[in-house]
Each structure stands twice: as structure tokens, then as C-alpha cells.
Amino acid sequence: MDPLTWTGGLGAFLNPALAITAALGGIVLVVQTGLRMGSAAVTLQSNPDGTLQGRGGVLGALDTALIYLVWALVALLLAYIVVPLVMPYGSAGILGEITRRLLPVWIALVATFALSIRFKRRLGLYGKLFDSTVGMIGFALVMFWVYVAAFVGVFDMIVTHDYLRQVSGLKNALPGVMVPDGTQGVIPHYLLGGDNLARDIFSRVMAGSVFVIAIAPLATIFAFMVGITLGLPAGYYGGKFDTALSFAANLILAFPVILLFYLLVTPEIVQTGIPSYMAAFLFAFPLIFIGVLINTRYYTQPAKRNAIILPVLGILGWLYLSAINASGTVIDFLPAWADLFDISVLVVFVSVVFVNAPTVFRIVRGLTLDLRTRDYVAAAQTRGEGAWYIMLWEILPNARGPLIVDFCLRIGYTTILLGTLGFFGLGLSSESPDWGTTINEGRKLLLIYIHPALPPAMALLSLVLGLNLLADGLREESLKD
Amino acid sequence: MTKHDQSPHPIALQYARDAKAGKLSRREFMARTTALGVSVTAAYGLLGLAAPARAGAHMQQGGTVRMQMEVRAVKDPRAFDWPQITYVTAGWLEYLVEYNNDGTFLPMLLESWDVNDNATVYVLNVRQGVTWNDGTPFTAQDVARNIAGWCDTTVEGNSMAARFSAIIDTETGQALDGAIEVIDDHTIQLNLPAPDITLIAGMSDYPAAITPAGFNPDTMLENPLGTGPYLPETVEVGIKATLVRNENHDWWGYAAGKGAYLDRIEYIDYGTDPSAWVAAAAADEVDIIYETVGDFVEIFNSIGFEESSVASSSTICIRPNQRAEIDGMRPYADKRVRQAIAMAVDSAVCLELGYAGRGEVARNQHVGPMHPAWADVPAMPHDPARALELLQEAGMADFEMDLISIDDDWRKNTTDAVAAQLRDAGFNVKRTVIPGATFWNDWTEYPFSSTDWNHRPIDTQTLGLAYRSGEAWNESGFSNAEFDALLAEANAIPDADSRRVVMQRLQEIMTDEGVTLQPYWRTIYRHAKPGFVGWDMNIAYLPHIYKIGIAA
Amino acid sequence: MVSFILRRLGIMVLTALCLTFIVFWLTNLFPNLEKLAKTQGNFRMSDEAVLTYLGNNGYLQPLPVKYGQWLGVLPGYVIAGTDGEMRARCATGGQDIADAARFCGILQGNWGYSTVFRDDAGSIIATRLGLTGKLMFWVMLLMVPGALIIGVMAGMNEGSRTDRSLSTVSILSTATPEYVSGVVFIAVFGTATFGMQWFKGTATAAMDDANFENFFLPVLTIALYGMGYIARMTRASMTEVMTAQYIRTARLKGVAFSQIVLRHALRNALIAPFTVIMLQFPFLLNGVVIVETLFNYKGFGWTLVQAASNNDIELLLGVSIVSVFVVLTTQLISDIGYVFLNPRIRIA
């Protein structure tokens with residue numbers, strides 16, 4: 001078998017077709033822009049026969065042509081994804097093989113969209129997302145990576161080689177290269193070539209999504225738990241409590257992020273155990289949050305409350321202890337059988353939570369300050385509801401719009417931040433396939449080999465872009481409420 | 001001087017026979033004979049060759065060169081830990097002897113030296129007519145004071161003491177009484193209690209810069225008293241350092257035809273990331289790159305820079321530490337575990353992936369064909385299956401090895417390559433990378449980590465520094481009575497052939513015990529823009545900056 | 001207004017005190033001191049030598065005492081070293097101990113001594129800050145007008161094709177971190193690989209002599225990342241203004257569209273971006289650190305990285321003070337400016 005080309009047999013027909021369509025589209029766009037310079041602004045005009053007419057003439061024809069061309073372009077791009085699925089191995093080139101590897105992701109994406117659009121009227125804010133093109137594109141990009149991470153992380157699908165396996169002779173090999181006999185994984189090619197240590201770039205990028213998709217949202221959730229648990233009372237009660245917490249939050253925010261990371265993530269500080277103590281502190285907040293949440297809801301039914309809260313807190317408590325307990329660090333008291341897992345990136349995780357939490361705190365506090373004067377809060381107060389019930393079950397649900405939008409943006413920001421850490425060589429292990437580290441590795445040899453750095457960079461870009469678009473779509477739709 | 005007219009040193013004659021018989025490389029022959037005081041011309045003569053003419057006629061007088069180099073803080077030369085520092089200080093602080101790529105030791109501030117037959121008495125003849133740049137003459141007293149200073153073990157970080165341990169009194173931590181004897185204004189005699197053939201090599205090393213009387217490291221830049229042709233104009237750590245010609249000083253080298261062609265030398269710091277150096281070179285902001293590593297050799301060749309390379313015994317060791325305790329046990333104290341590690345790793349792959357194939361495959365013995373008494377001992381065979389069996393026998397199949405390295409280009413890549421091969425063989429390996437500023441805090445203590453070792457001319461030097469029981473730099477925690485005894489025996493045999501018998505046993509022990517992984521010998525590279533001369537890479541990174549010039 | 005500013009200044013000082021104490025504490029943890037000793041003495045130093053070094057140089061005093069000395073409220077140490085030499089905190093550069101001042105902390109204007117650069121920390125920070133100031137000046141000059149133009153153009157006609165394409169561009173620019181864009185710029189425009197070697201891939205020479213060729217890429221890299229965010233804020237603010245009643249009135253009166261945008265909409269649309277631009281300063285500091293490292297431009301961000309990675313305590317403290325000052329001052333200016341620009345807001 002030979003090395004793969006980019007598009008294989010598929011390209012013979014599709015490449016020229018794509019080029020022609022794109023060129024035509026470009027020409028139409030240029031002509032149209034040129035014509036528009038000299039014409040009047042678009043207005044609807046009512047004809048004497050009672051119909052409304054949009055733009056007619058040359059401009060109108062061009063508009064229609066452009067729309068057809070764009071659809072043709074989309075159809076051709078879809079063909080690149082769909083056609084290879086029925087072609088034999090190797091004949092559809094690198095792109096074809098990649099789409100074939102991603103088949104489970106395509107199925108999951110199509111299913112998600114079909115179901116969501118079918119039932120969008122019953123799905124609240126989530127359903128409304130499917131009214132916004134921007135939101136849908138963003139959602140598709142994000143879900144693409146979520147599904148990739150899930151299929152790679154849980155079922156070990158998609159990846160073609162062990163992402164740490166080094167194959168002699170494939171150092172910086174070009175995309176589509178054959179692997180020597182006896183070293184092939186699922187397929188006998190490196191689809192996107194080999195990196196500086198002769199590892200499969202395609203598998204690394206795909207495996208990297210697991211790290212990014214696992215760490216960034218989880219860290220953001222933790223930051224939100226901390227921010228909400230502290231921000232709600234600060235905004236609701238105000239006073240000294242608020243002053244002290246706001247001062248602390250501003251203090252952390254006054255640190256340049258890089259300085260903070262240098263102070264927290266270096267091996268010397270890890271040696272002193274400070275990150276472990278911080279983990280013990282920060283990871284307690286989700287426990288408090290969920291405990292209070294359940295308690296306030298079922299306060300009036302103590303039996304039911306106890307039935308729910310005890311097992312939930314029991315399990316969470318065990319997870320909490322497992323998370324903060326790691327052998328060889330300052331917090332090491334659990335016997336080995338009780339320690340479920342060690343978080344290898346604990347330091348990075350804690351630092352990211354620590355950096356994000358104050359901003360979330362400020363947002364929640366600001367929203368609470370605003371919402372606590374609302375009538376429904378006064379009504380609840382008159383009903384005699386407890387303060388925490390009002391905060392968690394009256395104020396928080398009404399603050400969800402801006403919080404969800406910020407959540408999406410913050411995941412993107414955290415992803416970039418993790419990459420920054422990789423850039424400065426802080427935190428993650430050098431072999432880690434996460435995108436920040438691989439971009440940093442790839443950039444060193446960018447002048448001679450561009451292919452190792454580009455795929456993780458595109459992956460990072462598409463995920464962050466997707467999160468931004470998703471946030472935009474959500475903001476638009478939630479404003480329409 | 002009439003010394004060279006006397007009959008050559010008897011050991012030198014033996015070396016000449018070895019060299020002619022092909023037992024000794026040319027470089028090694030030159031190193032050993034010139035270290036005994038034979039002049040370069042005479043040494044080439046012993047081989048029946050004429051000494052190669054030195055370039056110099058093609059140089060243009062004057063000009064500026066800009067060199068990419070990390071600019072580090074200057075300090076007491078004895079505590080120098082980076083050769084880069086000496087590229088700045090070499091402008092005014094010179095050396096007694098200089099070591100060259102062809103293996104010769106050339107006299108600089110010394111005019112010549114003589115070593116007696118059993119290497120216990122060194123007579124050093126100080127060069128006449130050398131003056132400090134304040135006008136006072138340079139005398140034997142200056143040399144004696146410097147040698148005594150090298151022997152002062154109470155100075156923090158004094159690494160010269162290790163090179164001069166032969167004449168140090170371990171009780172007082174100073175030079176032995178009577179070891180340094182000033183005969184007259186230009187003659188010094190060193191009296192050693194036991195033979196040591198490495199003293200001249202020690203004087204050529206980069207921390208051996210000769211400092212003036214009353215030298216104070218804190219004011220060495222404001223008051224740059226030395227014998228050299230340049231003066232420091234600015235030294236901004238991490239940014240830039242500039243040397244300019246000292247117009248008011250009649251450097252001894254002008255008369256001796258040594259050079260110092262340039263009027264100005266600028267060292268510009270572009271950090272430790274080689275891709276930044278490429279950008280600087282592409283932007284025409286530098287003329288010479290201090291050192292190019294791995295894949296960047298190709299990049300610099302491709303942008304039209306000239307390459308200078310020298311095969312050296314610089315290397316990387318990825319060693320388990322036998323003394324390291326993890327969870328109450330010593331995982332690497334078990335010989336089977338170490339052997340398993342050695343069997344699982346293919347040195348050629350490490351060279352390919354770690355250093356872009358730019359070097360020679362080695363055999364985990366830390367002694368190589370470039371050393372005079374190297375014995376041809378086969379390496380442990382590459383056998384991942386057997387490796388896993390051994391590991392299981394030792395009951396360590398589930399043990400997670402934490403493989404540590406510094407955060408840079410080739411050292412990290414090589415260590416990554418080792419980790420991947422160990423995993424391929426079925427080992428449980430985790431990788432940790434530590435930033436450069438932190439890495440050296442505990443470099444001898446890490447349970448399993450990689451360290452780079454520089455070129456050393458003589459086979460027993462590194463073995464003594466790194467593998468003798470209880471040595472400060474013994475990072476593998478290796479302690480073997482037989483090895484120590486054999487090493488002491490080898491050190492007392494000046495003749496390479498006779499020593500080879502002992503070396504064979506030493507190398508066998510290194511292999512059999514799986515003391516360390518030492519996968520390859522590096523070829524080291526330097527690049528410069530076309531149009532410059534005399535900038536070649538030195539095998540030991542020594543700062544021969546007076547040789548650099550612009551081609552006429 | 002005056003009491004508001006005074007109160008803010010008070011908070012600023014308190015924040016700076018807390019922050020420097022935290023930095024002081026973290027950098028004075030023993031493993032960090034060990035690292036410091038080894039970078040100062042010799043990388044291959046023994047443990048005893050480390051302790052001697054630290055003791056002789058006053059690092060083993062209690063933490064509050066050291067902090068007080070640095071601050072200048074406690075007299076500087078005078079320690080008789082184990083090697084018989086007397087060392088005093090206030091006697092640097094061969095000064096006689098008897099002549100040295102008793103107090104020499106930040107309050108006396110003494111920023112301390114940088115152990116990495118072997119120089120006075122204050123002068124280092126001043127030089128480096130100046131260089132970063134130059135960089136930031138050009139960044140602002142490129143970023144602010146660029147962002148405002150994009151934002152206003154996009155916000156003028158919400159939902160138009162211009163709006164959609166400009167919004168996509170600004171989202172794309174916020175989604176591209178500096179370490180991606182900077183690397184791509186260097187590869188494409190800084191080397192001959194793609195035949196477009198128009199600029200220099202390093203800004204080291206720009207420290208002394210900045211010109212378009214060697215300074216454009218770093219400036220562009222920082223500006224692009226910040227530009228998207230400001231442009232989106234401007235767009236949001238612009239679209240809001242464009243739907244306001246008085247704009248509709250103006251349109252109904254038949255005022256030309258360009259006049260409406262320039263005369264009526266712009267001033268009100270720029271209030272929100274102003275605060276965003278001010279708050280963007282501390283955020284840009286991140287970008288500055290990355291870009292200065294990437295392009296080898298030895299400014300404030302580069303100094304921060306050097307000081308932090310080498311545990312250069314006093315330089316790091318100086319850097320912290322400056323960055324706190326920048327963050328809090330920009331917040332203050334943003335608040336005050338908001339009040340001035342927006343007549344509807346009054347602060348007691």
C-alpha cells in the first residue's frame with residue numbers, strides 16, 4: 001500500500017468542482033459589491049398590484065446566484081464527508097480516512113441535531129438555540145469536540161495509534177505516510193504525519209481533546225460553584241461580608257495571571273503542598289453548594305431531605321477525599337483502597353479554578369445585587385422563606401441567562417489559559433497530547449515542518465470559536481425572552 | 001626555551017608508537033603528548049607530520065561580530081557553571097593553557113611546561129613579557145596565587161578544586177604545603193604526592209581563568225583587571241554583553257601573532273528557545289550562533305549559515321538512582337530492574353528521535369572510541385521481551401517509574417524517546433519535565449532522570465567523577481567496591497594499552513550492572529553567517545574569541 | 001468625588017500591601033530559597049552550602065522581619081557571616097557597613113537588588129517598563145481605532161452582511177490566542193519559508209531602534225487578540241444606540257445616514273467601549289508576557305518571566321507592585337471616565 005494523498009480518488013472529481021464553485025462564488029461576490037456601490041440602498045417597494053418586491057434586476061439575480069453557489073459549496077463539502085464512507089480503505093485519501101474514522105461523531109451529531117430540532121419547542125433555552133444560525137454553528141463545533149472526546153476517552157474509538165507510541169523512521173513524517181510493518185495500529189498510515197518524536201499527530205490531536213474537554217469545563221464548573229456559593233450571599237447580604245470578599249476577589253484579580261501561575265505551579269511550591277491545601281479548600285465548595293441546595297429545597301420534609309442528602313453527600317464526600325488525597329503529597333491519609341483516583345494535573349486544575357473563581361464571584365454578586373430588589377424576592381421574603389432558599393431557588397434561576405453565556409465564554413478562556421501554561425512549560429507533562437503543549441512543541445520546528453503544529457492549533461481555534469459562537473447565539477436568544 | 005631540544009618524554013615516545021600503530025587517535029595522541037609538555041610542532045613531528053598551518057593571513061583587522069548567546073551573570077571564575085560566562089570574561093581574563101579540537105594543549109600565559117616521567121613533578125614556565133592591563137608584569141607569583149586559589153575548597157562552588165584534588169590537603173581544604181613552589185619570577189614547580197596526568201587538562205578548562213591579585217568578583221566589571229585584549233563595555237544579564245578592544249593595553253598576543261582581530265564583540269541573549277535564534281538569524285541580527293542542537297542544524301544550514309561541527313564525548317545519561325527511596329523501597333537497587341531498563345531501550349532510536357541522528361551510537365558505558373583506553377566491550381542486547389521478564393522476576397512490573405528531565409529540546413526529546421520505548425516494552429512509566437531554573441536543585445537526587453555530561457579527554461575522568469562511590473556528582477548512586485578498586489588501578493597506569501585491560505573490566509561492570517543509559521555521543525555544532533573566520537565550535541565549548549575575525 | 005478617589009487610593013495601598021505580602025511569602029518558602037541559593041552560588045551546591053549562603057545573606061530570618069525590612073519599617077539586617085565577613089542589607093556594592101543607612105526598604109525608595117540581573121531592581125523595572133510602554137503605545141494606536149471602526153461599522157446596520165462578516169472576524173480574533181497567531185506570523189512573515197519575508201521575526205533590535213519592519217509583528221499579535229473583544233463591545237453598544245428613539249427621530253427628519261452615525265450615535269456608543277478599553281490594560285499584560293517572550297523583546301513581561309522563573313524575590317515584588325498599580329489605576333480611571341462621559345451617573 002502507498003502513502004495516502006490528501007483527497008485520493010475522491011479529489012479527481014470533487015477538487016475541481018469545489019474550486020470552480022468557490023471561484024464563481026468569489027466572482028459573484030466581488031461583482032455584487034462593486035455594483036452595490038453605485039446603487040440605492042435595499043428597500044422593499046410595494047407594487048401597484050399589491051405585491052411587495054425586493055431587489056430585482058442584476059443585483060437581485062446575483063443575490064439568487066450567490067445563494068445557490070453557497071448551497072452548492074455546502075453540498076460539495078458534505079460530499080467530502082459522506083462519499084468516503086462507502087469507498088474502500090485508502091481510495092479516498094487522508095481526508096476520506098479522517099471522515100471515516102470520525103463516523104461515530106457524525107452519527108452522534110446528526111442524531112443530536114435531528115432530535116433537538118424536532119423537539120426544539122419543548123426544550124426551553126436550549127431549543128431556542130436552534131433558531132439561531134450562529135448558535136447552531138457554534139453548538140455543532142463544540143459538540144463535535146465533545147463527541148470526539150467521548151468516543152476517544154470512553155470507547156477508545158477514532159484514534160488509530162497509541163498517542164505515545166514512537167515509531168522509528170517516522171520523525172516529522174509527512175501526512176499520509178505508511179508506517180513500517182509490525183507497528184501499525186488500526187490502520188497502516190499516519191493520517192496527519194508524525195511529530196518530532198515520531199508519534200501519530202492525528203491520534204494525538206484526537207486524544208488531546210479528551211484532556212481539553214475534561215479539564216476546561218470541569219474547572220469552569222468548579223469555578224462557578226465557588227463563585228456562586230460566595231457571590232450569592234455577598235450580593236444578598238452586602239455589608240462587611242461583601243466588603244471582605246470583594247476585596248479578596250479584587251486582590252486575586254489584581255495579580256497578572258502569568259505571575260500567579262508562576263507562583264503556584266512551579267515544582268518548589270508543589271513541594272510545599274500549597275496546591276493540595278488549596279484543592280482541599282476549593283473542592284469543598286461543590287459539596288457545600290449541593291448540600292445547601294438540597295437542604296433548602298426539602299427543608300420542610302426532613303425525612304425526604306435526609307434520604308436524599310445523606311447518600312449524595314456521602315458519595316460526594318468520598319469523591320472529595322479521593323480528589324484531594326494523593327500519595328506522596330502533604331494530604332495523604334486515606335488508605336490506598338479508599339483512594340479512588342489521583343488527579344495528575346491537580347496543580348493546574350486548582351490554579352485554573354483559583355484564577356476563574358473571583359471573576360465568577362463578581363458577576364454573581366452583581367447580578368444578585370440587581371435581582372434582590374425584585375418583587376418575587378420580596379414575595380418570597382414575605383412568605384418567610386429562608387435566605388438561602390431565596391438565593392438558590394429564586395435569584396439564581398433568574399440569573400441563569402448571563403451566567404450560561406459567561407460559562408461558555410469562560411470555557412473558551414480556560415482552554416486558551418491551559419494552552420498558555422503549555423507555552424510556558426508549566427503544569428502539564430511534556431508528553432501530554434493536550435493542544436497547548438502540542439502547539440508549543442510544534443512551533444519550535446515550524447520553519448521546516450508545519451504539519452505538527454497546525455492540527456492542534458486548528459483544533460483549539462475551532463473549539464474556542466465554537467464556544468464563542470455558542471455564547472453569542474445563547475445571548476441573542478436569551479435576550480428575546 | 002631549549003626544553004624541546006631535549007629528548008622527548010619517554011611516555012610521549014610510547015604514545016607515538018601507539019598512534020602510528022593506530023591504537024591511539026590523532027586527537028588523543030596530541031592531547032596526551034602536549035599535556036606532558038611536548039610542543040605541538042614536536043608532537044606532530046613525533047608522528048612524522050608537519051604541524052598544520054593556522055589560518056590568520058586571511059583575516060581583516062577590525063570589525064564587529066554579533067553572537068547569539070545566553071548572557072549570564074559573571075562571578076568568581078572558579079564557580080563558573082556555564083561556559084557562556086567565559087565568552088564574556090575571556091576578553092580580559094585569560095588562561096594558562098588552551099585546549100583545541102585536534103586535542104592539543106597550546107601554551108598561552110605559560111610558555112611551556114615539563115612533566116617528569118611518572119607525572120609527579122610539573123615545571124611550569126611562565127610566558128615572558130606578559131603584562132596586566134594596568135601595566136604591572138605578569139609573574140610566577142600570579143600563577144602560584146591562582147593555583148592556590150583553585151585548591152581552596154572553602155570557596156562556595158569552587159569546581160577547580162575537583163580538578164586539582166591531587167595537591168589538596170583534605171584536612172585544611174587548601175593546597176598541600178610545599179606543593180606549589182615558586183622557583184623564580186617565571187618558573188613554578190608543582191610537587192604531587194601521587195601521579196596525576198590530568199593537571200594540564202584541568203588548567204585549560206573554562207573555570208581556570210587567571211585572575212589578578214586582590215580580585216573581587218563583585219567589582220570585576222567596574223574594574224576589569226586582566227591580561228587579555230578586550231574590556232567589557234556593558235554586561236546586562238539576560239540581554240546583552242559587549243567587549244571592546246582595550247586600546248591602552250599592549251596585549252602579549254599581538255607580538256605572538258595570536259590575533260584579536262575584532263574591535264568589538266557583542267553577545268546578544270535570545271533566550272533558550274532555538275526557534276528564536278532562527279528568527280534572529282533570519283532578521284540578520286546575529287552573525288554567530290553559540291550552539292545549534294538537533295533539528296536546528298538543518299534549519300541553519302537551510303538559511304545559508306555555515307556549519308562547524310566536532311564529534312565529541314559530550315553525551316546524555318538517563319540513569320536510575322540506586323539509592324533513591326520510593327514508598328519505603330529502593331526500586332533501582334535491584335540489578336534486574338536496571339538491566340531490564342537497559343534491554344528495553346534501543347540507543348539508535350534515542351539518537352534518531354532525541355538528537356536528530358547527529359552523533360554516534362554509544363553503549364551505556366560512558367567510555368567511547370574517542371578515549372585512549374577504550375575497550376571494545378559489546379553493549380547489552382536490545383531485547384524488550386527479556387526486559388519485561390526480568391522486570392517481572394524482580395516483582396516490579398506494576399511499579400510506576402517517574403522519568404524526569406529538564407525542559408529543553410534534545411534532552412527532553414531523548415528522555416521522551418526512552419520513556420516511549422520503556423512503555424512499548426510493557427513498563428509503567430510516567431514523565432515529568434522540570435523547568436531549567438529548578439532542575440538542577442536536586443539533579444543528583446532524582447530517582448530516574450537524565451543529565452547531560454560534557455566532553456572529557458581521558459577515559460577514567462568521567463568514570464571517576466560520576467560513578468565512584470560517594471562522589472558528589474555520583475547521580476546514579478552507584479557503589480561498587482570492585483569498580484572503585486579497578487578505577488584506582490586504572491588511574492595509576494599512564495599507558496593506554498596496559499590500562500585497556502582494566503578498562504575492559506570497568507566497562508563490563510558498567511554494562512552488566514546497567515548503571516546508566518548512555519545512548520549516544522553528540523556531535524556538537526555551531527553556525528555562522530558566511531564571511532567570518534575562526535569561530536569554529538570548540539569541543540569543550542572553550543572561549544577562543546581572539547581567533548574570530550572577518551574574512552578579508 | 002474627592003472622597004471617592006481617596007477611598008479608592010486607600011484600597012489600592014491596602015491591596016498592594018496584601019499582594020506583596022503574599023508574593024513575599026510564596027517566594028520565601030524554603031524550596032524557593034534553595035533554588036535562589038543554587039542559582040546564585042553554584043547549581044551543584046551541597047545542602048550545607050545552601051544553608052550557609054542563606055544564613056549569611058539574611059534569608060533565614062523570620063518572615064515578618066524580612067518583610068518589614070523590605071518595606072522599610074524595620075532596620076535592615078547586619079549579619080556576621082560564617083566566613084567572617086559582615087553583610088548588611090543596606091550596604092550594597094562594596095559600601096562600608098558603618099556608612100549604610102539603617103532603613104532601606106521600598107518606603108525609602110529602595111526597590112532592592114535583583115539577584116538575576118545583578119542590578120538595582122528599581123532601575124530595571126523603570127527601563128523595562130519604558131520598553132513595554134513603547135510597545136503598548138503602538139498596540140493601542142493600532143488596536144483602539146481598529147476595534148472602534150470595526151465595531152461601529154458592524155453595529156451601524158445590525159444583521160447586514162457587513163455586520164455578519166465583521167462580527168465573525170472579531171470572534172475569530174478573540175478565539176486566536178497570541179501563542180498561536182504570533183507563531184504563525186513569525187513563520188509566515190518572519191522567514192523565507194513562504195516567500196513573504198516582509199517583517200522580522202524578532203523584536204530584540206526594536207528595543208533600541210524600533211521601526212515598522214521589526215516592531216509590526218509583535219504589535220499586531222497583541223492588538224489582534226484584544227481587538228475582537230473591544231470591537232464586539234462597540235458593536236453591542238452601537239446597535240443599542242442605533243435603536244434609540246432619538247436616532248429614529250433623526251432618520252425620520254431625513255438626516256443623512258453618515259451624519260446620524262457621526263454626529264448622534266458615535267458619542268453615546270463609545271461610553272461602554274471606553275471602560276472596556278481601560279479594563280483591557282491588565283488583560284493585555286498577559287499578552288505582553290507571551291509576545292515579549294516569543295519575540296524576545298525585553299520589556300516588563302519578559303522581566304516578569306525571568307524574575308518568576310528564577311525566584312528573584314525583590315524584582316518579583318517590584319513587578320507585583322507595578323502591576324497592581326496598573327490594574328487598580330485603570331479601574332479607577334475607567335470608573336471616573338464613565339462618570340464624566342455619562343451624565344446619568346453620579347457618584348457621591
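Chains as they are written, first to last, in my numbering: chain A, 1 to 481; chain B, 1 to 552; chain C, 1 to 348.
Every residue gets a Cβ at the ideal spot worked out from N, C-alpha and C, and that includes glycine.
Cutoff 7 angstroms: residue i Cβ touching any chain C Cβ
i      : result
B:T438 : yes
A:F13  : no
A:Y28  : It is worth fixing the name first, because residue 28 of chain A is Val in this sequence and not Tyr. No, A:V28 does not count as interfacial toward chain C.
A:T272 : yes
A:P256 : yes
A:L141 : no
B:I239 : yes
Listed by chain order, chain B residues near residue i by CB distance under 8 angstroms
i     : result
C:E34 : N441
Residue from the options with nearest C-alpha to residue i
i      : options                           : result
B:D205 : B:N538, B:M220, B:G214 and B:G37  : B:N538
A:K171 : A:G194, A:T272, A:P180 and A:F113 : A:G194
B:M553 : B:I341, B:M67, B:I316 and B:S314  : No information on residue 553 of chain B is available, as it lies outside the stretch 1 to 552 that chain B covers here.
A:D200 : A:A471, A:N468, A:T438 and A:E476 : A:T438
C:M227 : C:V261, C:V327 and C:T176         : C:T176
C:Y67  : C:Y53, C:Q40, C:P31 and C:T27     : C:T27
C:M210 : C:G133, C:T191 and C:P273         : As written in the sequence, residue 210 of chain C is Ala, which differs from the Met given in the question. Closest by alpha carbon: C:G133.
A:V159 : A:E97, A:Y413 and A:L293          : A:E97
Residue-chain proximity (residue i, chain A), Cβ-Cβ < 7 angstroms
i      : result
C:A265 : no
C:P218 : no
Chain A residues whose Cβ lies nearer than 7 angstroms to that of residue i
i      : result
B:N321 : Near B:N321 there are no residues of chain A at all, since even the closest Cβ is about 16 angstroms away, more than 7 angstroms.
B:I434 : P267
8 angstroms Cβ cut-off: residues of chain A touching residue i
i      : result
B:I299 : L445, L447 and I448
Unbroken beta strand (DSSP E) run spanning residue i, endpoints
i      : result
C:D163 : Run containing C:D163: none in the beta strand (DSSP E); it sits in the alpha helix (DSSP H), R161 to A175.
C:M86  : M86 to A88
B:P320 : E306 to P320
B:S553 : Because residue 553 of chain B is not part of the residues shown, which for chain B are 1 to 552, the question remains open.
A:Y262 : Careful: A:Y262 lies outside any beta strand (DSSP E), inside the alpha helix (DSSP H) at V257 to V265.
B:N125 : V121 to V126
Any chain B beta carbon closer than 7 angstroms to residue i
i      : result
C:A49  : yes
C:A205 : yes
A:G436 : no
A:Q32  : no
A:L197 : yes
Chain-ordered neighbours of residue i on chain B, where CB pairs are closer than 7 angstroms
i      : result
C:I186 : A279
Enclosing alpha helix (DSSP H) for residue i [first to last residue]
i      : result
B:G549 : Where B:G549 is concerned, there is no enclosing alpha helix (DSSP H), although the beta strand (DSSP E) it sits in stretches over G549 to A551.
Within chain C, partners of residue i - CB distance below 8 angstroms
i      : result
A:E268 : L29, P31, N32, E34, K35 and N311
B:G470 : Going along chain C, no residue has its Cβ under 8 angstroms from B:G470, so there is no contact; the nearest lies around 13 angstroms.
Going residue by residue through the region 169-252 of chain A, where are the continuous beta strand (DSSP E) segments of at least 3 residues, counting only ones entirely within it? none
Taking only runs that begin and end inside the region 366-444 of chain B, name each unbroken beta strand (DSSP E) of 3 or more residues, in chain order. 400-406 and 428-434
Could you name each continuous beta strand (DSSP E) segment of 3 residues or more that falls completely within the region 197-264 of chain B, going from the start of the chain to the end? 230-236 and 240-245
Please go through the region 47-122 of chain C and give each complete beta strand (DSSP E) segment of 3 or more residues, from N-terminal end onward. 78-80 and 86-88
Would you list, in sequence order, the uninterrupted beta strand (DSSP E) runs of no fewer than 3 residues that lie entirely inside the region 18-104 of chain B? 64-68 and 97-99
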